[in-house]
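Asks: Using the numbering used here, the first residue of the sequence shown is number 29, and each one after it goes up by one.
What follows is a structure written as structure tokens; I'll ask about it next.
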Amino acid sequence: MVEELISWGDFEKVDLRVGTVLAVEDFPKARRPAYQLTIDFGDELGVLKSSAQITVHYSKSDLVGKQVVAVVNFPRKQIANFMSECLVTGFEDANGDIILTTVERHVPNGSKLK
């Protein structure tokens, strides 16, 4: 069931971009197991950081070099001692664990979802 219908203008406000994960660190101060990601979004946006609760399906080595889809126009959010600058997107599996949203083929970092 669709939660709420939105207008095209509402959708255009969400800035979804692809970026390549450069580095992954453990995040021991997070309430739930998480990683701290450093993601390259290209020349326009640069490198941003994100906290992601994706430790069930991904090891740190799985993530480096992977292109992910993130919302880049949320305000920065402090999570414990870490400042998250974007929101990496994904879908819950049957157990509620996150599967990352990725792209089928390589695209330039910073490409916007259209």
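Glycine included, every Cβ here is placed at the ideal spot set by N, Cα and C.
If contacts are defined as beta-carbon pairs under 8 Å, then Val99 and Val30 qualify, I think. What distance do you get, rounded to the angstrom?
Replies: To locate residue 99, count along the sequence shown from 1; it is residue 71. To locate residue 30, count along the sequence shown from 1; it is residue 2. Wrong, their Cβ atoms sit about 19 Å apart, outside the cutoff.
Asks: Helix, strand or coil: which one does DSSP assign to Phe39?
Replies: For the purposes of this step, residue 39 is identified with residue 11 of the sequence shown, where counting begins at 1. If DSSP states are grouped into helix, strand and coil, Phe39 belongs with the helices.
Asks: Ile67 and Leu50 look like a contact to me (Cβ under 8 Å); what is the Cβ gap, rounded to whole Å?
Replies: Taking the sequence shown and counting its residues from 1, one reaches residue 67 at position 39. Taking the sequence shown and counting its residues from 1, one reaches residue 50 at position 22. Confirmed, Cβ separation roughly 7 Å.
Asks: Following the continuous beta strand (DSSP E) through Asp68, name the residue where it begins and the one where it ends.
Replies: Taking the sequence shown and counting its residues from 1, one reaches residue 68 at position 40. Its beta strand (DSSP E) spans residues 63 to 68.
Asks: Would you kindly work out how many angstroms separate the C-alpha atoms of Lys105 and Gln95, rounded to a whole number?
Replies: Position 77 of the sequence shown, counting from 1, holds the residue named residue 105. Position 67 of the sequence shown, counting from 1, holds the residue named residue 95. Taking the straight line from one Cα to the other gives about 22 Å.
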